[in-house]
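Just so we're aligned: 1147 in my numbering is position 78 of the sequence shown, and the numbers increase by one with no gaps anywhere. We put the beta carbon where it would ideally sit given N, CA and C, even for glycine. Given the structure is predicted, the values throughout are model-derived calculations rather than measurements.
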Amino acid sequence: MMNEIFKDLIDEGWMIIYMDDILIFSNNMEEHRQRTLQVLERLKQNDLFVKPEKCTFDSQKVEYLGMIIHPDHIGMDPIKLKGIQDWSEPTTVKAVRAFIGFANFYRKFIDHYSEIV
1070 MMNEIFKDLI DEGWMIIYMD DILIFSNNME EHRQRTLQVL ERLKQNDLFV KPEKCTFDSQ
1130 KVEYLGMIIH PDHIGMDPIK LKGIQDWSEP TTVKAVRAFI GFANFYRKFI DHYSEIV
């Protein structure tokens, strides 16, 4: 549903939606505010609302889907990284699969991930 409502904005390449999480990115703050207003208006037109406590506005650093996104860098959320570091050593095939399934999301941040795994 969300992808249909925002298809044109997604196609323009400055908006990403995953489930009910929306990420808007822009080249400057003025453009960002215009895009944010456009998205909020589209939500309103479709009787959809945001939860203010889940929103971050006018920020150059944002947590999105377990990643920390900056203008020039995307990295792992330290909380998620701690979850990997604190994971107890798997002792069964099922436990190894569970760990690899969790860690696989972050493979792009781990050099030579496929060789390590």
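- Distance between residue 1111 and residue 1126, taken at the CA atoms: about 17 Å.
- By the neighbour-count criterion, in which 16 or more other beta carbons inside 10 Å mark a residue as buried, residue 1162 falls on the exposed side.
- The beta carbon of residue 1183 sits closer than 8 Å to those of 1176, all from its chain and outside the five residues before and after it, given in chain order.
- Check the Cα spacing between residue 1151 and each of 1166, 1172 and 1098: the tightest is with 1172.
- Taking 8 Å as the cut-off, the beta carbon of residue 1121 is found no closer than this to the beta carbon of residue 1129.
- With fewer than 16 neighbouring CB atoms inside 10 Å of its own CB, residue 1148 falls in the exposed class.
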